[in-house]
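Structure first, then comments.
2 protein chains.
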Amino acid sequence: MTDKADGQTMISDEEKRLESQLCFAVYSAAHAFNRAYKPILDRVGLTYPQYLVMLVLWEKGCLSVKTIGEKLDLDSGTLSPLLKRLEQAGLIGRARDPKDERQVIISLTEKGAGMKCQVGVIMDAIGQATGCDMAEMANLRDQLQKLKVNLAAE
Amino acid sequence: MTDKADGQTMISDEEKRLESQLCFAVYSAAHAFNRAYKPILDRVGLTYPQYLVMLVLWEKGCLSVKTIGEKLDLDSGTLSPLLKRLEQAGLIGRARDPKDERQVIISLTEKGAGMKCQVGVIMDAIGQATGCDMAEMANLRDQLQKLKVNLAAE
DNA sequence: AAAATACATATTGTGCACGATTAAATCGTG
DNA sequence: CACGATTTAATCGTGCACAATATGTATTTT
């Protein structure tokens, strides 16, 4: 970028092209992940966003709706019906926190916790599909996190 | 990865963690882009996917629905209603190709073409928000494209 | 203690994404 | 020419994402 006299920043046409290519690449890669996971997740009856919720629950055990929303950048309008379906599928339980009844605590059922084992199989399949080694994956993860933080700071 | 005697491939726990972190990072960065663009696109009355469609039209002038779908990895079930809204907004025109009436050709109206100028303003705002220089953007774009191709090849 | 405020979640409505199905047009081959 | 296969869009149903709104609960203030 080149600074103009008035302190504003000029953006070249190449930069504009690059930026549109980047935002499309991110959009497109997210779709590609979704599609790659779909046939495998279908077998265990999960959608991709549901799988992401299960991932954080397998990690932490039980969490409030709000905390899940913070980890996944989703609001309650998205999570409420999604969690309702996971509850109907018998994978999670929902209960008001006795300490603070505004909060709903999401916990894994035995069935939901047991499903974690099946995930190893899922990841084996996808991990190979990425065609990335560990260093590449870590590098990409870090760059994307940095990008996300910058965009969120706005 | 370490090869087992039976020819299958073992994936370590660290790799599984990395992979889930990567697919979440992609998912999350896509949301971040979407949110960053939203307030600006609201002013010109476009959603983010609509903006991506307009991007390829500004690039190419006019395209068939199928071609747009290939560029954006979207099928007609997604594009048809989206294009219908762009048509109602007076930004594009839709007409059957006289050469092959199976195809619908999408073209920019004067209003739609004129909107391209406003996009420079949008990109100025977002480009700075990414906090990436050109080399970083290009690198990230290439890595994501490679990832996408690998996942699609499956 | 009562009112005001802030917070947590649910509800509703719109738009996107995708699979499955349908319908119409084209093409290939006999 | 005719028949079947393929291509291209549109339509329908389900689920995600989000804004706006509503409801109810806890905290703070008076």
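If you read the protein sequences in the order shown, they are chains C and R. Count along the first sequence starting at 1, add 172, and that's the number in this note's numbering. Count along the second sequence starting at 1, add 172, and that's the number in this note's numbering. Note that beta-carbon positions come from the ideal geometry of N, C-alpha and C, so glycine has one too.
Determine, for residue i, whether the minimum Cβ-Cβ distance to residues of chain R falls below 8 Å.
i: A267/C; result: no
i: I212/C; result: no
i: M226/C; result: no
i: V198/C; result: yes
i: L238/C; result: The sequence given here places Lys at residue 238/C; Leu does not occur at that position. No, K238/C lies away from the interface with chain R (no Cβ there is under 8 Å from its Cβ).
i: T302/C; result: yes
i: I298/C; result: yes
Would you say residue i faces chain C, with C-beta separation under 8 Å as the test?
i: K188/R; result: yes
i: I277/R; result: no
i: R215/R; result: no
i: L316/R; result: yes
Could you check how far apart the C-beta atoms of residue i and residue j are, in whole angstroms? I think they sit under 8 Å.
i: G262/R; j: L251/R; result: With a Cβ gap of about 18 Å, G262/R and L251/R do not count as contacting.
i: L255/R; j: R268/R; result: L255/R to R268/R, Cβ: 14 Å. No contact.
i: L319/C; j: T302/R; result: 6 Å
i: M226/C; j: G284/C; result: 7 Å
i: L229/R; j: I278/R; result: 7 Å
Taking Cβ to Cβ, would you say residue i is nearer than 8 Å to residue j?
i: I354/C; j: Y209/C; result: With chain C covering only 173 through 326, there is no way to say anything about residue 354/C.
i: L323/R; j: M306/C; result: no
i: L258/C; j: Q222/C; result: yes
i: A201/R; j: L316/C; result: yes
Grouping DSSP H, G and I as helix and E and B as strand, with all else coil, what is residue i?
i: G265/C; result: strand
i: C195/R; result: helix
i: S236/R; result: strand
i: G279/R; result: Reading off the sequence, residue 279/R comes out as Ser, not Gly. S279/R falls in the strand class under three-state DSSP.
i: P412/C; result: The requested residue 412/C does not occur in the structure, where chain C is confined to residues 173 to 326.
i: S184/C; result: coil
i: D214/R; result: helix
i: G179/R; result: Because the pLDDT of G179/R is 45, which lies under 50, any placement of that residue in the model is unreliable, and the number read from its coordinates should be weighed accordingly. DSSP places G179/R in coil when its eight states are reduced to three.
i: D247/R; result: coil
i: T302/R; result: helix
Spell out a yes or no on whether the segment 187-199 of chain R and the segment 236-246 of chain R are touching, meaning 3 or more CB-CB pairs, one atom from each, closer than 8 Å.
no
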